[in-house]
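Following my numbering, the numbering of the sequence shown begins with 3 at its first residue and continues without gaps.
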Amino acid sequence: MATVSTPSLAATPKRSGKRDSAEIECLVERLLRQVDRPLTAYEIVELAARYGHSIVPMQVYRTMARLSEQGRVLRLESVKAYLLAKPGTDLFLVCGGCKAVKRVSMPSLSSALSQLRHRASFRSIRIPVEVHGECNACRDQKDRQSAVPSIDRIADR
Ligand SMILES: [Zn+2]
């Protein structure tokens, strides 16, 4: 039976030291694809190290600058983290509690912002837009905490 080799994130033992930019671009994209959540430059460095790749934050910043110029990654300014760019994302919902990020497709928003760009002669409108709030999981957790009487209150009885 033929074995199918899957691309591995593990470093090739023979290669070490200086990595070329294409190699780092490839690594960073694979890491972002694997975790499917926004990663900061330092998280990328840590994750890369776990797979045996030694890179420094400056290499990540340079790589991200190139990849975002090419429209391959996005930087979420509010959480200072990077995500793979996916077509059809108009909006990101960012939870202030757990920092979870949800992609939302909302073409009407993008077209409204495009109109605004023309009408207001305001060029630097960034799409996707980041919207901040609280995810259901965080809200449920808060509700549960406020519903349970604290130990102090029980002791008072
Ligand atoms: Zn949350």
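Backbone N, C-alpha and C fix where the C-beta goes; we use that ideal spot for every residue, glycine too. Remember, it's a predicted structure, so these values are computed and weren't measured experimentally.
Check: Taking only runs of the alpha helix (DSSP H) that begin and end inside the segment 91 to 158, which ones reach a length of at least 4 residues, in chain order?
Finding: Runs found: 109 to 121, 138 to 149 and 153 to 158.
Notebook entry, point to check: Is there at least one non-hydrogen atom of ligand 1 closer than 7 Å to the beta-carbon of residue 140?
Noted result: Because some heavy atom of ligand 1 lies under 7 Å away, the Cβ of residue 140 counts as near it: yes.
Checklist line | Minimum length 4: unbroken alpha helix (DSSP H) runs contained in the segment 29 to 53 | finding: Counting only runs of 4 or more, we get 43 to 52.
Next item on the list: Could you spell out where the beta strand (DSSP E) holding residue 83 opens and where it closes?
Entry: Note, residue 83: beta strand (DSSP E), 83 to 86.
Notebook entry, point to check: What residue range is occupied by the uninterrupted beta strand (DSSP E) comprising residue 75?
Noted result: Run containing residue 75: 75 to 78, per the beta strand (DSSP E) assignment.
Next item on the list: State yes or no: is the C-beta of residue 28 nearer than 7 Å to some heavy atom of ligand 1?
Entry: Relative to ligand 1, even the nearest heavy atom lies 7 Å or more away from the CB of residue 28.
Notebook entry, point to check: Should residue 83 be counted as a contact of ligand 1 given a C-beta to heavy atom distance under 7 Å?
Noted result: Not so, every heavy atom of ligand 1 lies at least 7 Å from the Cβ.
Notebook entry, point to check: Is residue 50 near ligand 1, judged by its Cβ being under 7 Å from some heavy atom?
Noted result: Answer for residue 50: no, Cβ out of range of ligand 1.
Notebook entry, point to check: What residues in its chain sit with their C-beta under 7 Å from that of residue 87, if we drop five residues either side in the sequence?
Noted result: The residues 73, 74, 75 and 76, in chain order, have a CB closer than 7 Å to that of residue 87 in the same chain once the five nearest residues on each side in sequence are set aside.
Next item on the list: Please report how far the alpha carbon of residue 124 lies from the alpha carbon of residue 48, in whole angstroms.
Entry: Answer to the nearest angstrom: the Cα atoms are 39 Å apart.
Check: Buried or exposed: which applies to residue 61, given that a residue is buried once 16 or more other Cβ atoms fall within 10 Å of its Cβ?
Finding: Buried: at least 16 other Cβ atoms inside 10 Å.
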